[in-house]
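Take a look at the structure below.
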Amino acid sequence: MSWIFKIAATIIIVLGHVALSGSSNPILSSINLPIAFLVLSIRLFDFPFKLAFALLAGFILDVYSNLPFGSFMITFFLISISLDVLFYNFFTDRSLYSILVLSLIGITIYNFSFILILSGSYLLGFSDFLVNQNYIWNYLLQLLVNGLVIAIGFYLSNRLLKFK
C-alpha cells in the first residue's frame with residue numbers, strides 16, 4: 017500500500033473515532049477505533065506502519081482535544097509498542113483469544129495512561145478535568161464493546177485473508 021493511502025486511512029479511522037465519541041449513545045461513544053485498528057493490525061502490518069499510525073492518530077486526536085498537547089501521541093505510542101512486544105514475545109499464536117487479551121491490555125494501557133496524564137495535568141493546573149467514579153463504568157463498557165468490535169474485525173480479517 018502506498019503511504020498516501022495509509023495516511024488517508026489513518027485520518028478516516030481517527031475522524032470516525034471522533035464522530036463516534038461525540039455520540040449520545042453510550043455504546044457507540046465507547047468504541048475506540050484507533051485501538052481496535054492497532055490490535056487488528058498486529059498481524060497484518062509491519063511495525064513502522066503501526067508506529068506511524070499511532071503517532072499520526074495521536075497527533076490528530078491531540079488537535080481535537082483540550083488536553084495538554086501530546087497526551088494522545090504518548091498514549092498511542094505506548095500502546096503500539098506494548099502490544100507489539102506482547103504479541104511477538106508472548107501471544108505468538110494468532111487466535112481470537114490472544115487478540116482479545118491484547119485488546120484488553122491495549123484498552124487498559126490507554127485508560128491507565130489517560131488517567132495518569134489527566135491527573136498530572138490537573139495537579140499542575142493545565143486542565144480542569146478530573147476522573148470520577150463513572151469513568152470505571154465507562155471503562156468496563158469500553159472493554160465489552162471494543163472486545164465485540166475486535167472479535168467481529170478478527171472474523172472479517174480472517175475471511176478476507178482466506179480469499180487472498
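Letter 107 of the sequence shown, counting from 1, is numbered 123 in the numbering used here, and no numbers are missing.
Built from N, CA and C at the ideal position, the CB exists for glycine as well.
Bear in mind the structure is a predicted one, so any value in this text is a computation, not a measurement.
Q: State the CB to CB distance for the pair leucine 54 and alanine 70, rounded to an integer number of angstroms; the pair is presumed to be in contact (CB under 8 Å).
A: 7 Å
Q. Quick one: complete alpha helix (DSSP H) runs, 4+ long, within the segment 81–164?
A. 87–105 and 112–140
Q. How many Å lie between isoleucine 29 and tyrosine 104 at the Cα?
A. 25 Å
Q) Are the segment 91–100 and the segment 123–131 touching, with three or more C-beta to C-beta distances below 8 Å? A) Yes, since at least three Cβ pairs between the segment 91–100 and the segment 123–131 fall closer than 8 Å, the two stretches touch.
Q. Using the beta-carbon count (16 or more within 10 Å), is glutamine 158 buried or exposed?
A. buried
Q) Taking C-beta to C-beta, are leucine 49 and glycine 32 nearer than 8 Å? A) yes
Q: Below 8 Å CB to CB, which residues in the same chain sit around proline 84 once its five sequence neighbours on both sides are set aside?
A: Ile133, Ser137, Phe142 and Ser143
Q: Report yes if the C-beta distance between isoleucine 47 and leucine 56 is below 8 Å; otherwise report no.
A: Leucine 56 is positioned such that its CB atom lies no closer than 8 Å to that of isoleucine 47.
Q) In chain order, what residues of the same chain have a beta carbon less than 7 Å from the beta carbon of phenylalanine 65, not counting five sequence neighbours either side? A) Lys22
**Q.** Short Cβ contact (8 Å threshold) for isoleucine 51 with asparagine 162
**A.** Cβ atoms of isoleucine 51 and asparagine 162: closer than 8 Å.
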